[in-house]
Every structure is written in C-alpha cells, then in structure tokens.
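Numbering (full-length UniProt numbering), first residue to last: 1 to 149.
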C-alpha cells in the first residue's frame, strides 16, 4: 500500500512539475516576445531574445528529463512492488492450503456433546491463526510483531 501510495504521489508530483515548468517557460516566452517588440530593431534585443528562448527551451528539456527520471523511478518501484508480491505468493498459498485442509478436516468430524461450549482452541487452530495474523501484519516470527522487535 505504501509503495502504491508513493508511486501515485511521485507521478502526481512529476506531472505537476512538468506542467509548471512548461507554463513558466511559455509565460516567459510570451513576456519576452511582448517586451522585445518595442526593441525589435535593436540587434542586442534580438540576441537577448534568442538567448532567453534558448534558456527556456533548455528549461523545458530539463523539466521533461526530470519527468522521465521520475517515470523511471516509478517503473522501478512498480517492478519491486510486483516482485515483492510474487515473493509473498508461496507463503499465502501455504497458509491457504493449511486453512483449507483444516476446514475440510473439521467438516468431516462429527461434533460431540459439549464441543461447542469448551471455548478451548487447539494447537493447530492456534498455529493457523498465528500464521494468518503474522502474514496479515507482514511479520514472520512472534519477535517481529513486538514493538521495536
């Protein structure tokens, strides 16, 4: 979830940065065009205008390069996220198999008088619940689940 959130935020920030850079460059080009209209006959004004336009184009290129870099980082984050998901799959399947087997075994048993009132939980049930809890919390051992552990 955090990786997905970071990925979404990086895309939003990258898009906003690109839009701002392009807008500022366009406004600067418009401003230069307007102000240099009065000095169009002046050679220095034309040279300055060309220089500023080159700078603006360079800033647009820089913004595009930054957006491409952010997209590359997003791709790397996405690849790592899906690799992590694939790594979790065997553990999830093992837990699913344990739960399925447990449920099937319990379904085959005939309840005895008093079974529903004991309130006790078997060792197998406890182990399955612990595995499910650890998997849901992203921990592997009981020590991982302790604060600071």
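C-beta: ideal position from N, C-alpha, C; glycine also.
query                                                                                                                         : result
Cβ neighbour criterion (16 or more within 10 Å) applied to residue 130                                                        : exposed
Three CB pairs or more closer than 8 Å across the stretch 57 to 68 and the stretch 13 to 21                                   : yes
Short Cβ contact (7 Å threshold) for residue 74 with residue 11                                                               : yes
Cβ neighbour criterion (16 or more within 10 Å) applied to residue 14                                                         : buried
Where residue 138 falls: helix, strand or coil (DSSP)                                                                         : coil
Cut-off 6 Å between Cβ atoms - residues of its own chain near residue 5, not counting five sequence neighbours on either side : none
Sequence-distant residues of its chain with Cβ nearer than 7 Å to residue 99 (five each side left out)                        : 128
Alpha carbon of residue 93 to alpha carbon of residue 7, nearest angstrom                                                     : 27 Å
Beta-carbon spacing of residue 77, residue 16 below 7 Å                                                                       : no
Coarse secondary structure for residue 117, derived from DSSP in three states                                                 : The pLDDT assigned to residue 117 is 47, lower than 50, so where the model puts this residue is not dependable, and the model offers no usable value.
Between the CA atoms of residue 102 and residue 123 - distance to the nearest angstrom                                        : 12 Å
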